[in-house]
Amino acid sequence: MVAISSDTLPARLVHFGPYASLVEFDDCDDLLEGFKSILRGWHVREVSEQGTPPPIIRFSKRDGRFQWQSERLPPPDDWSPRGPRKVMDGVADFHYRFLDWHALEFTNQFCLHCAAVRVGGGLVIFPSGKKAGKSTLVTELALRGYQIFCDDVLPIELGGNDGLAMGILPRLRLPLPENISPDHSRFVDRRMGLADRYAAYINFRPSELAAFGTTAPIRAIVLLRRSDAPVSARLLPAGRAETLARMIDQNFATHLSPTLIFDEMSALMDRAELRTLEFSDVGQAAQCIAETYGGGA
Amino acid sequence: MARLLRQNEWLDVRQLEGQIFLIDEEGGRIHHLNETASALWRLLDTPATRKEVVAEFRFLFPEEDPVRLKSAIKGLLRDLVETGILKKSERQPPD
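Chains A and B are the protein sequences, given in the same order. For the first sequence, my numbering gives the first residue as 165, with consecutive numbering after it. For the second sequence, my numbering gives the first residue as 4, with consecutive numbering after it.
Right under this line is the structure:
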């Protein structure tokens, strides 16, 4: 048997779907395979031709740690001065910058930080802040037969009303909340993908998670208001100003004019129902969404 | 000479349900003002000194502890100046 030093292996140049730029993985097969494992509906292909433009990101390894080199995308916040050692950390960080890259590639879209689920023919989106339970709620809705579009970021075409699925597996924080159902807990255990002790990507099937490029109209914008005290889940009217403030806070398409963003979000609100979902139990919250918008999954 | 605080005239003001959103095209940001910041913004339709702003808020909120109110308003003014929502200028001498 001949041992091949990784130093002698050429770097892998990889195209992701329709993105014009490439990413180079130099001695980072684990990172590439880890990242591919969280994508759904993406055509990921390696290219070998010379003369391609410089990759948008070059991943390499030094002393067992991932290194980030890019002129267009800053390194993830935690990568300085030393990158992560674990594949899960590298994938999760690349995941976030991947979404920034999407915003650079598609200047005809703006991106909302939100979760989105197709319920009754349209998308119900949850533009909520951190730790509001978005990922747990969309998992609960998937258990009821509804298709997840995203648990993190939803691109929306300018001048339109359709959300675009990014085809990225939802990532749940661990440990799971104590008040989730045994079914939910078993589902997560069974479908756990790339994970560490703090978070796990969940392997949803195609019927449960929309593939990259799938679109659907946005029908409702629902702000999440999770209560620590027990309350019955219920949908309340939400004000336009409160909803807009939350959406602006969660928008990150910074390459677009803020006036354009403001007008796009205002138009989006004109076409959608605006609600606040007050809840303490995520199962009840999902049931409330299903009964209000579902009409059969 | 006390410096006047005034609204940044380059911001595009949008009002929705009584709440104020300020669009900063140059800075690439949208600011949403909370209730207190909105009241302050409206107060500065006419430029005023920090002392005048604090006095006005004392008049508007007589039930509030004056020391805490002054400290809160000073902090808010500082934040609004730092984010470019408000500007400082010299008081013009009377005609």
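We treat Cβ as the ideally placed atom computed from N, Cα and C, and that holds for glycine. Here the structure is a predicted model, which means the values were calculated and not measured.
With contact counted as at least three CB pairs below 8 Å, one residue from each stretch, are the region 302–312 of chain A and the region 19–27 of chain B in contact? no
Is the beta carbon of phenylalanine 223/A less than 9 Å from the beta carbon of glutamate 188/A? Taking the first residue of the first sequence as position 1, residue 223/A is located at position 59. Taking the first residue of the first sequence as position 1, residue 188/A is located at position 24. Contact flag set, yes.
With a CB to CB cut of under 6 Å and the five nearest residues on each side skipped, what residues in its chain are close to aspartate 335/A? By one-based count along the first sequence, residue 335/A stands at place 171. As written in the sequence, residue 335/A is arginine, which differs from the aspartate given in the question. Result list for arginine 335/A: Ala363, Tyr365, in chain order.
Three-state secondary structure (DSSP) of leucine 358/A: Reading the first sequence from its first residue, position 194 is the one you call residue 358/A. Strand at leucine 358/A.
Going along chain A in order, which residues have a C-beta closer than 9 Å to the C-beta of isoleucine 88/B? Taking the second sequence and counting its residues from 1, one reaches residue 88/B at position 85. Correct list: empty, because the minimum Cβ distance to chain A is about 14 Å.
Quick check: the Cα distance between proline 319/A and leucine 89/B, rounded to an integer number of angstroms? Numbered from 1 along the first sequence, position 155 holds the residue referred to as residue 319/A. Numbered from 1 along the second sequence, position 86 holds the residue referred to as residue 89/B. Whole-angstrom Cα-Cα distance: 33 Å.
Spatial neighbours of threonine 456/A in its chain, beta-carbon cut-off 7 Å, leaving aside the 5 residues before and after: Position 292 of the first sequence, counted from the first residue, corresponds to residue 456/A. So the list reads Leu399, once near-sequence residues are dropped.
In chain B, what lies closer than 7 Å to serine 421/A by C-beta? Counting from 1 along the first sequence, the entry for residue 421/A is found at position 257. Within 7 Å of the CB of serine 421/A, the CB atoms of chain B belong to Glu28, in sequence order along the chain.
Thinking just about the alpha-carbon of each residue, which of Asp413/A, Leu328/A, Gln414/A is nearest to the one in threonine 378/A? Taking the first sequence and counting its residues from 1, the one referred to as residue 378/A is at position 214. Nearest of Asp413/A, Leu328/A, Gln414/A to threonine 378/A, Cα basis: Leu328/A.
Can you pull out the residues from the region 345–367 of chain A whose beta carbon lies closer than 8 Å to at least one beta carbon of chain E? Looking at the structure shown, chain E is missing, and the protein chains on hand are A and B.
State buried or exposed for valine 251/A, treating a residue as buried only when at least 16 other CB atoms are found within 10 Å of its CB. The residue labelled residue 251/A in the question sits at position 87 within the first sequence. Valine 251/A should be labelled buried.
Between aspartate 15/B and chain A, is there a C-beta pair that is closer than 9 Å? The residue labelled residue 15/B in the question sits at position 12 within the second sequence. Output row for aspartate 15/B: interface = yes.
Taking the alpha-carbon positions, what's the serine 421/A to phenylalanine 376/A distance? Walking along the first sequence from the start, residue 421/A turns up at place 257. Walking along the first sequence from the start, residue 376/A turns up at place 212. Serine 421/A and phenylalanine 376/A have their C-alpha atoms roughly 26 Å apart.
What are the residues that DSSP puts in a beta bridge with alanine 384/A? Walking along the first sequence from the start, residue 384/A turns up at place 220. Answer is Val288/A, Glu437/A, bridged to alanine 384/A.
Let me know if alanine 461/A comes out buried or exposed under the rule of 16 or more other beta-carbons within 10 Å of its beta-carbon. Position 297 of the first sequence, counted from the start, is the residue given in the question as residue 461/A. Any reading at alanine 461/A is ruled out, since the residue's pLDDT is 45, under 50, leaving its predicted position unreliable.
Strictly under 9 Å for the Cβ-Cβ distance: is leucine 408/A near chain B by that measure? Working through the first sequence from its first residue, we reach residue 408/A at position 244. Look at leucine 408/A: its C-beta is under 9 Å from a C-beta on chain B.
Express the C-alpha separation of serine 185/A and lysine 295/A in angstroms, rounding to a whole number. For the purposes of this step, residue 295/A is identified with residue 131 of the first sequence, where counting begins at 1. For the purposes of this step, residue 185/A is identified with residue 21 of the first sequence, where counting begins at 1. Looking at the two C-alpha atoms, the distance is approximately 33 Å.
Those residues which DSSP pairs with lysine 91/B across a bridge: Residue mapping note: residue 91/B aligns to position 88 of the second sequence, counting from 1. Per DSSP, Leu8/B.
Name the chain B residues whose beta carbon is nearer than 8 Å to that of lysine 425/A? The residue given as residue 425/A occupies position 261 in the first sequence. This sequence places isoleucine at residue 425/A; lysine is not what is there. Per Cβ cutoff of 8 Å: Ile33.
At 7 Å on the CB atoms, spell out the chain B contacts of glycine 403/A, in chain order. As a working mapping, residue 403/A is identified with position 239 in the first sequence. Glu20, listed in chain order.
Using the DSSP secondary-structure output, state which residues sit across from proline 394/A in a beta bridge. Numbered from its first residue, the first sequence carries residue 394/A at position 230. Answer is none; proline 394/A lacks a bridge partner.
At a Cβ cut of 8 Å, what residues of the region 195–211 of chain A count as close to chain B, listed as they run along the chain? none
Can you tell which of His207/A, Gly458/A, Gly297/A has its C-alpha closest to the C-alpha of aspartate 392/A? For this step, residue 392/A is matched to residue 228 along the first sequence. For the residues His207/A, Gly458/A, Gly297/A, the minimum Cα distance to aspartate 392/A belongs to Gly297/A.
Going by DSSP, what residues sit across from proline 401/A in a beta bridge? On the first sequence, residue 401/A is found 237 positions in, with the first residue counted as 1. Looking at the DSSP assignment, proline 401/A forms a beta bridge with Arg439/A.
Throw me the rounded Cβ distance for the valine 386/A and arginine 439/A pair, which I believe falls under 8 Å. What you label residue 386/A is simply residue 222 of the first sequence in a count that begins at 1. What you label residue 439/A is simply residue 275 of the first sequence in a count that begins at 1. With 8 Å as the limit, valine 386/A and arginine 439/A qualify as a contact, their Cβ atoms being about 5 Å apart.
Reducing DSSP to helix, strand and coil, say where alanine 364/A ends up. As a working note, residue 364/A is residue 200 in the first sequence. Strand.
Quickly, what does DSSP pair cysteine 314/A with across the bridge? List them, please. On the first sequence, position 150 is the one that residue 314/A refers to. In DSSP, cysteine 314/A forms a bridge with Ala280/A.
Give a yes or no on whether 9 Å exceeds the smallest Cβ distance from isoleucine 412/A to chain B. As a first step, residue 412/A is located in the first sequence; it is residue number 248 there, counting from the start. True, the Cβ-Cβ gap to chain B drops below 9 Å.
Go ahead and pull the three-state DSSP assignment for tryptophan 13/B. Locating residue 13/B in the second sequence gives position 10, where the first residue counts as 1. Three-state DSSP puts tryptophan 13/B in coil, outside helix and strand.
Cutoff 8 Å; reference tyrosine 260/A; Cβ partners in own chain excluding five residues on either side: Locating residue 260/A in the first sequence gives position 96, counting from the first residue. Pro240, listed in sequence order.
Would you say phenylalanine 62/B lies against chain A (beta-carbon separation less than 9 Å)? Along the second sequence, read from residue 1 onward, the residue named residue 62/B stands at position 59. Output row for phenylalanine 62/B: interface = no.
Tell me which residues share the same chain as aspartate 326/A and place their Cβ nearer than 8 Å to its Cβ, disregarding the 5 neighbours each side in the sequence. Here residue 326/A refers to the residue found at position 162 when the first sequence is read from its first residue. Same-chain partners within the cutoff: Ile320, Thr379, Ala380, Pro381, Ile382.
Report all residues from its chain with a CB closer than 7 Å to the CB of arginine 61/B; omit the five preceding and five following residues, and keep chain order. Walking along the second sequence from the start, residue 61/B turns up at place 58. Result list for arginine 61/B: Pro69, Leu72, in chain order.
Figure out for me which residue from Glu372/A, Trp243/A, Asp190/A has the closest Cα to the Cα of leucine 173/A. The count along the first sequence starts at 1 and reaches residue 173/A at position 9. When only C-alpha atoms are compared, the closest one is Asp190/A.
Determine the direct distance from the alpha carbon of alanine 51/B to that of alanine 58/B, and round the result to whole angstroms. Taking the second sequence and counting its residues from 1, the one referred to as residue 58/B is at position 55. Taking the second sequence and counting its residues from 1, the one referred to as residue 51/B is at position 48. So the two alpha carbons sit approximately 11 Å from each other.
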